[in-house]
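Single-structure report; data block below.
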Amino acid sequence: MVKFTQPPRGTRDLVGEEADLFIDLVGKFSEIARLNDFKPIVTPTIEYFDLFAKKSGVEIVQSMYVFQDKAGRTIALRPEVTASVIRAYLRNLYKEPKPINLFYIAQCFRYDEPQRGRYREFWQLGLEIIGDESMAADINILHTASEYLTYIGVKHLVQVGNVAFYRSFMDSMGVSGDDQDLVLHYIDKGLLNNAEKLVFEKYGEEASKILRELYYVDIERLSEFINDYRNLLGDRCSKIAQEAEKTLSFTDALRSIGINVEYSPSLVRGLAYYTGLIYEVKAEGLDLSVGGGGRYDGLTEIYGGSFEYSTGIALGLDRIMIVLKEKGYVVKTPLRVIIIALGSSTEIYRAAINASRALHSSGIIASVLSEPRVSKALSYASRKGYLYAIIIGKKEIETQSVTIKDLTKGEQTSLHVSGLVKYFKDALSS
RNA sequence: GCCCGGGUAGCUUAGCCUGGGUAGAGCGCCGGGCUGUGGACCCGGAGGUCCCGGGUUCAAAUCCCGGCCCGGGCCCCA
30 MVKFTQPPRG
40 TRDLVGEEAD
50 LFIDLVGKFS
60 EIARLNDFKP
70 IVTPTIEYFD
80 LFAKKSGVEI
90 VQSMYVFQDK
100 AGRTIALRPE
110 VTASVIRAYL
120 RNLYKEPKPI
130 NLFYIAQCFR
140 YDEPQRGRYR
150 EFWQLGLEII
160 GDESMAADIN
170 ILHTASEYLT
180 YIGVKHLVQV
190 GNVAFYRSFM
200 DSMGVSGDDQ
210 DLVLHYIDKG
220 LLNNAEKLVF
230 EKYGEEASKI
240 LRELYYVDIE
250 RLSEFINDYR
260 NLLGDRCSKI
270 AQEAEKTLSF
280 TDALRSIGIN
290 VEYSPSLVRG
300 LAYYTGLIYE
310 VKAEGLDLSV
320 GGGGRYDGLT
330 EIYGGSFEYS
340 TGIALGLDRI
350 MIVLKEKGYV
360 VKTPLRVIII
370 ALGSSTEIYR
380 AAINASRALH
390 SSGIIASVLS
400 EPRVSKALSY
410 ASRKGYLYAI
420 IIGKKEIETQ
430 SVTIKDLTKG
440 EQTSLHVSGL
450 VKYFKDALSS
């Protein structure tokens, strides 16, 4: 039987240090995104099921939370945010000058079997750029993501792939769209043999040989490789050569700005509507990826808009938290003081509240505890980790003073109320 | 969907294999020692359908069967 105190499977409560960490990381993401001039976007947690059914692969659709609302609409909890961003763009932002840089912080839902780093409710930190064909957009995305990860102390590696290679070659070799999806699916799973076998049986030995070579080809040799198959590729040759060039200069560019990057031919992220460059972010010390994204040019068309370029990334906040927790990351806590109102007379309480307001105006965290016994109040204060306790009781009211106790040193001083803020400003700066 | 491990106080858990008396402990919480001075310490207290149901037995947290729930692995993803 489920206890009432237990949240549904695959969801969790964040309390204490975990909640602090969560809020800290969300704040820092927003900070970095804004510094890079991304604008926030907030979209609904629920969407029409069809929005996702159109874009995402079978896997995602099957793992969605779907239900009928009271009016019989088929609604889904979002499994990801990109579809919503594109929808919102088509409705509200299409007239804006391009490119449009957007960021979001959003919880998503997938009905998977929960395990380490995989929850049914999870948080994504996302960046999207709409309306920029150039590689600069992808660099901007990854640079921003990387700047964030570095800021919070997560060492990371970016793996880069490009689905356009496989698609173009397979187009040239006459591989059907469905078979292409299957091949990419196999490659994604690391089952090159299955992919080869499929291609061999249906499209011949030559085709499977090329597929294999493509899988192992070095990025530096890619252009050369494409040149070797100039005849086969025909007029696709120039397009794919361009993609190869783009991929190479993309990785070079990332490397030149100090990002750890590697080309990974087996990276295909087969499901969604990725059209070119794709990337995945691995954090040091975690098998799971902490982020992924890529180009999805033309997704706007699928939703009935005009063609637009777009690219983006989503970082998994829950997984980033795992990395940081293992590293022993601690959120810095600012100065917190507690004001002990000794007794419950209106005068004392008023003085205590006024003191807290004065401290707040200087950015100091202060709260009032009403408690007639000093020993209890101080016990609470020290166990709660306050550095200072300010005592206000009868004596203090009579003399217009406050008693400040430094809980670390055990020292205690008394001063006039007017000197309260200055005391803590001095404490802060020393 | 498949595979493994679990479910005993708010939390972490001992006990289960090898059946026996009132189910223990640590942490936390509350109170007192201490009516204007904390942490530490000492004393005391509250808090349990031992996941649920059935079976075996004089007797079940413990053994058997069924179910529910949770975590982790495969796969896939963030």
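In my numbering, the protein residues as written are 30 to 459. Where a beta carbon is used, it is the ideal one built from N, C-alpha and C, also for glycine. Being a predicted model, the structure only gives us computed values, none of them experimental.
1. With a threshold of 8 Å, are at least 3 pairs of Cβ atoms found where one atom belongs to the stretch 358-367 and the other to the stretch 327-346?
2. Can you tell me whether E476 is buried or exposed, with buried defined as 16 or more other CB within 10 angstroms of its CB?
3. Since L131 contacts I70 with CB under 8 Å, what's their CB separation in whole angstroms?
4. Q209: buried (16+ other C-beta within 10 angstroms of its C-beta) or exposed?
5. Using the C-alpha atoms, what's the distance from K413 back to Y244?
6. Considering only their Cβ atoms, is the gap separating Y338 from G323 smaller than 8 Å?
7. Would you call the stretch 303-317 in contact with the stretch 200-215, where contact means no fewer than 3 C-beta pairs closer than 8 Å?
8. Tell me the start and end of each unbroken beta strand (DSSP E) in the stretch 334-413 that is at least 3 residues and wholly inside, in chain order.
9. Ends of the alpha helix (DSSP H) at K424?
10. If I'm right that H172 touches I286 with Cβ under 8 Å, what's the distance once you round it to whole angstroms?
11. Thinking just about the alpha-carbon of each residue, which of E249, I134, V359 is nearest to the one in R63?
12. Please state whether DSSP places V212 in a helix, a strand or coil.
13. Could you please give the first and the last residue of the uninterrupted beta strand (DSSP E) stretch that includes S318?
14. Would Y148 and R250 be called neighbours here (beta carbons separated by less than 8 Å)?
15. For S293, collect the residues of the same chain with a Cβ closer than 7 Å to its Cβ; drop the 5 residues on either side in sequence, then sort them by chain order.
16. Could you pull out every residue in the same chain whose Cβ sits closer than 7 Å to the Cβ of A174, ignoring the five residues on either side in sequence?
17. With DSSP collapsed to three states, give me the class of Y148.
18. From the DSSP output, which residues share a beta bridge with A135?
19. Under a three-way DSSP split, which group does E309 fall into?
20. Could you please give me the residues that DSSP links to D435 through a beta bridge?
21. Excluding sequence positions up to five away, which residues of its chain have a Cβ less than 6 Å from the Cβ of L154?
22. So what's L449 in DSSP terms, helix, strand or just coil?
23. Near E224, which residues of its chain fall below 7 Å by C-beta distance, leaving aside the five closest residues on each side in sequence?
24. Over the uninterrupted beta strand (DSSP E) stretch that includes F96, give me the two end residues.
25. Quick one: Cα of K540 to Cα of S390, how far?
26. So, Y452 versus I433, is the Cβ gap smaller than 8 Å?
27. Is A273 closer than 8 Å to S295 when the C-beta atoms are compared?
28. Please state the DSSP three-state secondary structure of F58.
29. Could you spell out where the beta strand (DSSP E) holding L106 opens and where it closes?
30. Leaving out the 5 sequence neighbours to the left and right, which residues in its chain are closer than 7 Å to D200 when beta-carbon positions are compared?
31. From which residue to which residue does the beta strand (DSSP E) around Q271 run?
32. Does T442 pass the burial test, meaning 16 or more other C-beta atoms within 10 Å, or should it be called exposed?
33. Classify G392 as buried or exposed, calling it buried when 16 or more other Cβ atoms lie within 10 Å of its own Cβ.
34. Considering Cα atoms alone, identify which of V183, I115, E46 is closest to I349.
35. Just to confirm the assignment, what range does the alpha helix (DSSP H) spanning E230 have?
36. Do you know how far the Cα of V450 is from the Cα of A410?
Here's the rundown:
1. no
2. There is simply no residue 476 to check, as the chain begins at 30 and stops at 459 in what is shown.
3. Position 102 of the first sequence, counting from 1, holds the residue named residue 131. Position 41 of the first sequence, counting from 1, holds the residue named residue 70. Sure, about 5 Å apart at Cβ, within 8 Å.
4. Mapped onto the first sequence, residue 209 falls at position 180. It is buried - the Cβ of Q209 has at least 16 other Cβ atoms within 10 Å.
5. Here residue 244 corresponds to residue number 215 of the first sequence, with the count starting at 1. Here residue 413 corresponds to residue number 384 of the first sequence, with the count starting at 1. The alpha-carbon atoms of Y244 and K413 are separated by roughly 57 Å.
6. The sequence position of residue 323 within the first sequence is 294, counting from 1. The sequence position of residue 338 within the first sequence is 309, counting from 1. In this structure, Y338 does not lie closer than 8 Å to G323 by Cβ.
7. no
8. 339-345, 365-370, 394-399
9. Start at 1 with the first residue of the first sequence, and residue 424 comes out as number 395. First-last of the alpha helix (DSSP H) with K424: 423-428.
10. Numbered from 1 along the first sequence, position 143 holds the residue referred to as residue 172. Numbered from 1 along the first sequence, position 257 holds the residue referred to as residue 286. 6 Å between Cβ atoms; contact.
11. Taking the first residue of the first sequence as position 1, residue 63 is located at position 34. The shortest Cα separation from R63 among E249, I134, V359 belongs to I134.
12. Residue 212 sits at position 183 when you count from the first residue of the first sequence. Reduced to three states, the DSSP call for V212 is helix.
13. What you label residue 318 is simply residue 289 of the first sequence in a count that begins at 1. Element bounds for S318: 318-324.
14. On the first sequence, position 119 is the one that residue 148 refers to. On the first sequence, position 221 is the one that residue 250 refers to. In this structure, R250 does not lie closer than 8 Å to Y148 by Cβ.
15. Counting from one through the first sequence, the residue named residue 293 turns up at place 264. Result list for S293: Q188, V189, G190, in chain order.
16. The residue given as residue 174 occupies position 145 in the first sequence. So the list reads L156, V310, G320, I342, L344, once near-sequence residues are dropped.
17. Locating residue 148 in the first sequence gives position 119, where the first residue counts as 1. Reduced to three states, the DSSP call for Y148 is coil.
18. The residue labelled residue 135 in the question sits at position 106 within the first sequence. Note: A135 sits in a beta bridge opposite Q153.
19. Taking the first residue of the first sequence as position 1, residue 309 is located at position 280. Correct three-state label for E309: strand.
20. What you label residue 435 is simply residue 406 of the first sequence in a count that begins at 1. Partner(s): Y417.
21. The sequence position of residue 154 within the first sequence is 125, counting from 1. Same-chain partners within the cutoff: F58, I134, L344, L346.
22. Taking the first residue of the first sequence as position 1, residue 449 is located at position 420. Helix.
23. Locating residue 224 in the first sequence gives position 195, counting from the first residue. The displayed chain sequence assigns Ala, not Glu, to residue 224. These residues qualify, in order along the chain: V212, Y215, I216, L240.
24. Here residue 96 refers to the residue found at position 67 when the first sequence is read from its first residue. From DSSP, the beta strand (DSSP E) with F96 extends over 95-97.
25. Residue 540 cannot be examined here, being either before or after the span of the chain that is shown, 30 to 459.
26. In the first sequence, counting from the first residue as 1, residue 452 sits at position 423. In the first sequence, counting from the first residue as 1, residue 433 sits at position 404. Yes; because the gap between Cβ atoms is below 8 Å, this pair is in contact.
27. Taking the first residue of the first sequence as 1, we reach residue 295 at position 266. Taking the first residue of the first sequence as 1, we reach residue 273 at position 244. No, these two residues do not count as a Cβ contact at 8 Å.
28. Within the first sequence, numbered from 1, the residue matching residue 58 stands at position 29. Helix.
29. Here residue 106 refers to the residue found at position 77 of the first sequence. Looking at the DSSP string, the run of the beta strand (DSSP E) that includes L106 is 103-106.
30. As a first step, residue 200 is located in the first sequence; it is residue number 171 there, counting from the start. Here the set comprises R265.
31. Translated into the one-based positions of the first sequence, residue 271 becomes position 242. That residue, Q271, is in no beta strand (DSSP E); its alpha helix (DSSP H) goes 266-285.
32. Residue numbering aside, residue 442 sits at position 413 when the first sequence is read from its first letter. Result: exposed.
33. Mapped onto the first sequence, residue 392 falls at position 363. Looking at its Cβ environment, which holds fewer than 16 other Cβ atoms inside 10 Å, G392 is exposed.
34. The residue given as residue 349 occupies position 320 in the first sequence. Among V183, I115, E46, the Cα nearest to that of I349 belongs to V183.
35. Position 201 of the first sequence holds residue 230. Unbroken alpha helix (DSSP H) run through E230: 221-232.
36. By 1-based counting over the first sequence, the position of residue 410 is 381. By 1-based counting over the first sequence, the position of residue 450 is 421. In a straight line, the C-alpha of A410 is about 20 Å away from that of V450.
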